[in-house]
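Chains as they are written, first to last, in our numbering: chain A, 44 to 198; chain B, 713 to 998. Below is one structure, written out as structure tokens, with a few remarks after it.
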């Protein structure tokens with residue numbers, strides 16, 4: 044895949060997270076991967092079509108998902124990963140993907156995004172690409188979140 | 713009145729009140745699926761029955777109706793609640809609106825009054841469900857049926873139902889394909905691991921396929937069925953430009969797929985080697 048397509052996603056993460064209560068998100072590692080993703084607890088997948096096709100996956104532990112949901116809701120305690128917390132994580136994925144889509148238009152790529160798909164469970168495998176894809180490990184105040192990016196220009 | 717039954721949960725500490733309300737609703741298309749006598753009961757029964765609408769009394773033994781509504785809305789931000797109580801004043805209405813109560817009625821209520829209010833709160837969802845089903849889900853149903861015939865050479869009946877559980881439970885394989893355009897959404901093509909093996913053998917026309925080959929076969933079948941469904945939608949509605957995203961394929965056990973804010977439908981094809989299912993969901997706007 045074209046490595047240039049990764050930046051719009053990292054930029055979106057760096058721009059959106061401070062707005063929802065995470066002042067200093069950090070990029071830890073970036074590497075190529077060709078094996079299936081293993082679910083850490085909560086996975087959100089968003090699909091892209093039009094001039095760029097593929098999937099972007101946000102993979103985190105359930106504890107991290109609860110921590111993010113709680114922070115997004117102004118520190119409201121989130122004991123269980125319940126409907127409201129799921130809705131918050133889903134909304135976050137939507138914001139990140141929509142923001143990335145806006146960044147992509149600046150590279151003259153018009154894209155459409157699917158609704159976020161949230162999967163809960165540990166240790167399941169998720170295949171998002173036939174080829175290699177990039178994984179970016181992000182740090183959010185001591186919590187890890189992986190973004191797997193498997194996208195390519197269409198045609 | 714409605715094509716779908718609308719599921720109602722009654723929350724009231726008085727057995728008399730519960731019975732009167734249930735009687736009001738018994739001759740309508742509203743179906744009382746649960747009756748709770750206190751807030752703890754209400755939260756538990758809401759989880760179990762996932763009703764379309766809740767009628768809420770103000771006075772409950774363990775919490776008031778406002779607090780009980782808040783707990784329900786915390787589980788389900790879209791929950792529709794109508795308060796039916798003996799008292800009704802501006803202060804109560806303001807507090808109730810703050811926790812998301814959609815309407816307020818004062819006891820005693822007439823059958824007409826209660827039905828009108830419940831209908832008003834539900835119409836939006838019922839109309840949307842009917843429209844999504846008739847415009848889009850039916851097309852996917854046909855594409856699924858044809859797909860099974862063409863891919864496996866198997867004639868099957870496919871059933872279509874509104875799927876209103878919070879989660880889709882998956883044990884085996886689930887191929888998730890996003891839908892972009894209007895409406896956006898996603899389709900999940902799923903089956904058990906045993907069913908997958910036979911599915912792949914029939915599709916590839918060989919015996920003894922490996923797990924990877926079986927995964928690829930199911931993924932390809934999902935692509936074919938959803939691709940066909942989307943192009944049929946686009947052909948049926950000339951202004952539509954729906955597209956499918958590349959698939960994401962999940963394998964494992966005890967997996968739960970949630971799709972907040974989507975209205976979803978379950979399509980089931982029964983075969984002698986197990987059920988092949990599709991769950992397709994849509995959302996309006998972005």
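Glycine included, C-beta positions come from ideal geometry on N, C-alpha and C.
Interface flag, residue i vs chain A, CB-CB below 8 Å
i                      : result
residue 883 of chain B : no
residue 968 of chain B : yes
residue 892 of chain B : yes
residue 878 of chain B : yes
residue 888 of chain B : yes
residue 719 of chain B : no
residue 933 of chain B : no
residue 787 of chain B : yes
residue 963 of chain B : yes
residue 995 of chain B : yes
residue 714 of chain B : Low local confidence applies: a pLDDT of 48 at residue 714 of chain B is under 50, so the model's placement there is unreliable, with the coordinate-based value given in what follows. Not an interface residue.
residue 974 of chain B : yes
Any C-beta of chain B under 8 Å from that of residue i
i                      : result
residue 196 of chain A : no
residue 162 of chain A : yes
residue 67 of chain A  : no
residue 118 of chain A : no
residue 182 of chain A : no
residue 155 of chain A : yes
residue 52 of chain A  : no
residue 78 of chain A  : no
residue 145 of chain A : no
residue 169 of chain A : yes
residue 158 of chain A : yes
residue 178 of chain A : no
residue 84 of chain A  : no
residue 95 of chain A  : no
residue 90 of chain A  : yes
Alpha helix (DSSP H) segment containing residue i, residue limits
i                      : result
residue 944 of chain B : 923-948
residue 844 of chain B : 823-844
residue 753 of chain B : 751-761
residue 860 of chain B : 850-864
Check whether residue i and residue j have beta carbons under 8 Å apart
i                      : j                      : result
residue 995 of chain B : residue 879 of chain B : no
residue 135 of chain A : residue 103 of chain A : no
residue 112 of chain A : residue 143 of chain A : no
residue 875 of chain B : residue 977 of chain B : yes
residue 761 of chain B : residue 819 of chain B : no
residue 154 of chain A : residue 57 of chain A  : no
residue 787 of chain B : residue 777 of chain B : no
residue 162 of chain A : residue 967 of chain B : yes
residue 167 of chain A : residue 989 of chain B : no
residue 157 of chain A : residue 85 of chain A  : no
residue 961 of chain B : residue 932 of chain B : no
residue 757 of chain B : residue 795 of chain B : no
residue 149 of chain A : residue 75 of chain A  : no
residue 99 of chain A  : residue 140 of chain A : yes
residue 750 of chain B : residue 725 of chain B : yes
residue 979 of chain B : residue 872 of chain B : yes
residue 929 of chain B : residue 916 of chain B : yes
residue 975 of chain B : residue 841 of chain B : yes
Endpoints, beta strand (DSSP E) assigned at residue i
i                      : result
residue 96 of chain A  : 95-103
residue 72 of chain A  : 69-76
residue 882 of chain B : 879-892
residue 995 of chain B : 986-995
residue 908 of chain B : Counting along the chain, residue 908 of chain B falls outside any beta strand (DSSP E), though it belongs to the alpha helix (DSSP H) covering 905-916.
residue 818 of chain B : 815-818
residue 168 of chain A : 168-170
residue 796 of chain B : 793-797
residue 871 of chain B : 870-875
residue 183 of chain A : 176-183
For residue j and residue i, believed in contact at Cβ under 8 Å, the rounded distance
i                      : j                      : result
residue 792 of chain B : residue 766 of chain B : 7 Å
residue 972 of chain B : residue 126 of chain A : 7 Å
residue 983 of chain B : residue 868 of chain B : 6 Å
residue 138 of chain A : residue 59 of chain A  : 5 Å
Proximity test, residue i beta-carbon vs the ligand FAD heavy atom, cut-off 7 Å
i                      : result
residue 941 of chain B : Ligands are entirely absent from the displayed structure, and the ligand FAD is therefore not among its contents.
Q) Are there three or more Cβ pairs, one per stretch, closer than 8 Å when the stretch 859-866 of chain B is compared with the stretch 956-972 of chain B? A) no
(Q) If contact is defined by three or more beta carbon pairs under 8 Å, each pair taking one atom from either stretch, is the stretch 184-194 of chain A in contact with the stretch 726-740 of chain B? (A) no
Q. Looking at C-beta atoms only, is the number of pairs between the stretch 850-859 of chain B and the stretch 931-947 of chain B that lie closer than 8 Å three or more?
A. yes
Q.
Does the stretch 51-58 of chain A come into contact with the stretch 141-160 of chain A, if we say contact requires no fewer than three beta-carbon pairs (one atom in each stretch) closer than 8 Å?
A. yes
**Q.** Near-chain C residues of the stretch 98-129 of chain A (beta-carbon distance less than 8 Å), N- to C-terminal order
**A.** Included in the structure are the protein chains A and B, with no chain C among them.
Q.
Could you check whether the stretch 60-74 of chain A touches the stretch 172-191 of chain A, counting it as contact only if at least three pairs of C-beta atoms, one from each stretch, sit closer than 8 Å?
A. yes
Q) Are the stretch 943-952 of chain B and the stretch 896-916 of chain B touching by the rule of at least three beta carbon pairs closer than 8 Å? A) no
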